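In the order they appear, the protein sequences are chains A and B.
Position 27 (the first sequence) corresponds to 27 in the numbering used here; numbering is contiguous.
In the numbering used here, each residue carries its 1-based index in the second sequence increased by 110.
A short write-up of the structure that comes next.
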Amino acid sequence: NAGVTQTPKFQVLKTGQSMTLQCAQDMNHEYMSWYRQDPGMGLRLIHYSVGAGITDQGEVPNGYNVSRSTTEDFPLRLLSAAPSQTSVYFCASSYSGEQYFGPGTRLTVT
Amino acid sequence: AQSVTQLGSHVSVSEGALVLLRCNYSSSVPPYLFWYVQYPNQGLQLLLKYTTGATLVKGINGFEAEFKKSETSFHLTKPSAHMSDAAEYFCAVANAGNNRKLIWGLGTSLAVNP
Numbered sequence: 001n002a003g004v005t006q007t008p009k010f011q012v013l014k015t016g017q018s019m020t021l022q023c024a025q026d027m028n029h030e031y032m033s034w035y036r037q038d039p040g041m042g043l044r045l046i047h048y049s050v051g052a053g054i055t056d057q058g059e060v061p062n063g064y065n066v067s068r069s070t071t072e073d074f075p076l077r078l079l080s081a082a083p084s085q086t087s088v089y090f091c092a093s094s095y096s097g098e099q100y101f102g103p104g105t106r107l108t109v110t
Numbered sequence: 111a112q113s114v115t116q117l118g119s120h121v122s123v124s125e126g127a128l129v130l131l132r133c134n135y136s137s138s139v140p141p142y143l144f145w146y147v148q149y150p151n152q153g154l155q156l157l158l159k160y161t162t163g164a165t166l167v168k169g170i171n172g173f174e175a176e177f178k179k180s181e182t183s184f185h186l187t188k189p190s191a192h193m194s195d196a197a198e199y200f201c202a203v204a205n206a207g208n209n210r211k212l213i214w215g216l217g218t219s220l221a222v223n224p
C-alpha cells in the first residue's frame with residue numbers, strides 16, 4: 001500500500017513551458033485535491049475532484065488544469081508556466097475528512 | 111464563510127516544556143476539526159481529529175487537543191516537548207455536511223530549543 005505518490009519530486013521549468021504533475025493513490029478514495037504551499041500563505045486549494053469524471057475549482061485555479069479519468073490518478077497540468085507558480089505542490093486523497101498527502105513536488109519556474 | 115485562525119506563526123519552547131498551539135475557527139455548526147504536522151521537506155500527516163463524541167482527543171506522538179464549542183477553539187497541547195517535535199503544525203476545519211473539503215489555518219512553526 002503506497003498511499004499517495006507524486007512525481008516528479010523536483011522540477012525546474014522555463015517561463016511558458018508546460019508540464020504535468022502526476023498524482024496517484026491506491027486507497028480507493030473518491031476525493032482528491034491539489035494544493036500549493038507558499039511561505040506564510042499556508043495551503044491553498046487549486047482543484048479538487050469528488051470522483052472519476054468530476055472536478056471543480058478551488059481558490060487558486062488560474063493557470064492549472066486537472067482531469068480525473070480514473071479513481072486512482074489525478075494529474076495537474078500547468079498550461080504555460082509563470083514565475084508566480086514557483087511553489088511546492090501537494091496532492092491529497094481523502095476519506096471521511098481525513099486527508100492523506102503525497103510527499104510533494106517542488107517546482108521552480110525561471 | 112468558515113475560517114481558521116492559528117495564533118502565532120512561530121512558537122518557540124524549550125525541550126521538556128509545555129507545547130500549546132492555538133487554533134480558533136468560525137463556524138455556525140459543530141465542525142470536524144483536525145491537526146496536521148509537516149516535518150521539513152515532507153508532506154502533511156494527521157496528528158489527530160475531532161468528529162463527534164469526547165471533546166478531548168488524543169493523537170500521535172503524545173499530542174492532544176480539546177474541542178471547546180463555547181470558545182470555538184481546538185488548541186493543541188503536549189506536556190513535554192521533544193526536539194523531534196520541531197515542525198510546522200496546521201489546524202483545519204471541515205463542515206460535517208462536506209467533511210472532505212478542509213479549510214486550513216496558515217500554520218504555526220514550532221521550534222524546540224535544547
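Where is the CB? At the ideal position from N, CA and C, for every residue including glycine.
Because the structure is a prediction, the values reported are computed rather than measured.
Roughly how many angstroms lie between the CA atoms of residue i and residue j, to the nearest whole one?
i, j, result
"Val-12/A", "Val-66/A", "20 Å"
"Tyr-64/A", "Gly-40/A", "22 Å"
"Ser-194/B", "Val-121/B", "15 Å"
"Gly-215/B", "Ala-2/A", "28 Å"
"Thr-161/B", "Thr-110/A", "43 Å"
"Cys-23/A", "Lys-9/A", "11 Å"
"Gly-51/A", "Ser-136/B", "28 Å"
"Pro-75/A", "His-47/A", "10 Å"
"Ala-81/A", "Thr-15/A", "5 Å"
"Glu-86/A", "Leu-158/B", "Inspection of the sequence shows that residue 86/A is occupied by Thr rather than by Glu. Each residue's alpha carbon lies about 31 Å from the other."
Suppose contacts are defined by Cβ-Cβ distances below 7 Å. Is residue i in contact with residue j by that definition?
i, j, result
"Ala-204/B", "Leu-220/B", "no"
"Arg-68/A", "Thr-55/A", "yes"
"Ser-190/B", "Asn-134/B", "no"
"Leu-186/B", "Glu-98/A", "no"
"Gln-113/A", "Thr-105/A", "Chain A is shown from 1 up to 110; residue 113/A falls before or after that span and cannot be answered."
Per DSSP, residue i forms a beta bridge with which residues?
i, result
"Ile-213/B", "Val-203/B"
"Ala-24/A", "Thr-5/A, Asp-73/A"
Starting from the beta carbon of residue i, find every residue of chain C whose beta carbon is closer than 8 Å, and list them in chain order.
i, result
"Glu-98/A", "Reference to chain C is not applicable here, since the protein chains of this structure are A and B."
Applying a beta-carbon distance threshold of less than 9 Å, which residues of chain A neighbour residue i?
i, result
"Leu-117/B", "Chain A residues near Leu-117/B: none, gap ~14 Å exceeds 9 Å."
Give me the chain B residues within the contact set of residue i, using Cβ-Cβ distance strictly less than 8 Å, ordered along the chain.
i, result
"Tyr-48/A", "Lys-211"
"Phe-90/A", "Gly-153, Leu-154"
List, in chain order, every chain B residue whose beta-carbon is nearer than 9 Å to that of residue i.
i, result
"Ser-18/A", "Ordered by position in chain B, no residue passes the 9 Å Cβ test against Ser-18/A, which lies about 25 Å from the chain."
Starting from the beta carbon of residue i, find every residue of chain A whose beta carbon is closer than 8 Å, and list them in chain order.
i, result
"Gly-215/B", "Gly-42"
Legend entry - Interfacial residues, the region 129 to 158 of chain B to chain A, with Cβ spacing under 9 Å: Against chain A - using a Cβ distance shorter than 9 Å - the residues of the region 129 to 158 of chain B are Tyr-142, Phe-144, Tyr-146, Gln-148, Asn-151, Gln-152, Gly-153, Leu-154, Gln-155, Leu-156.
Inset, instruction - Note down, in chain order, all residues in the region 170 to 202 of chain B with a beta-carbon under 9 Å from any beta-carbon belonging to chain A. - result: Flagged, chain order: Phe-200, Ala-202.
Legend entry - Residues of the region 31 to 43 of chain A with Cβ closer than 9 Å to any Cβ of chain B, in chain order: Within the region 31 to 43 of chain A, the residues whose Cβ lies closer than 9 Å to some Cβ of chain B are Tyr-31, Ser-33, Tyr-35, Gln-37, Gly-40, Met-41, Gly-42, Leu-43, listed in chain order.
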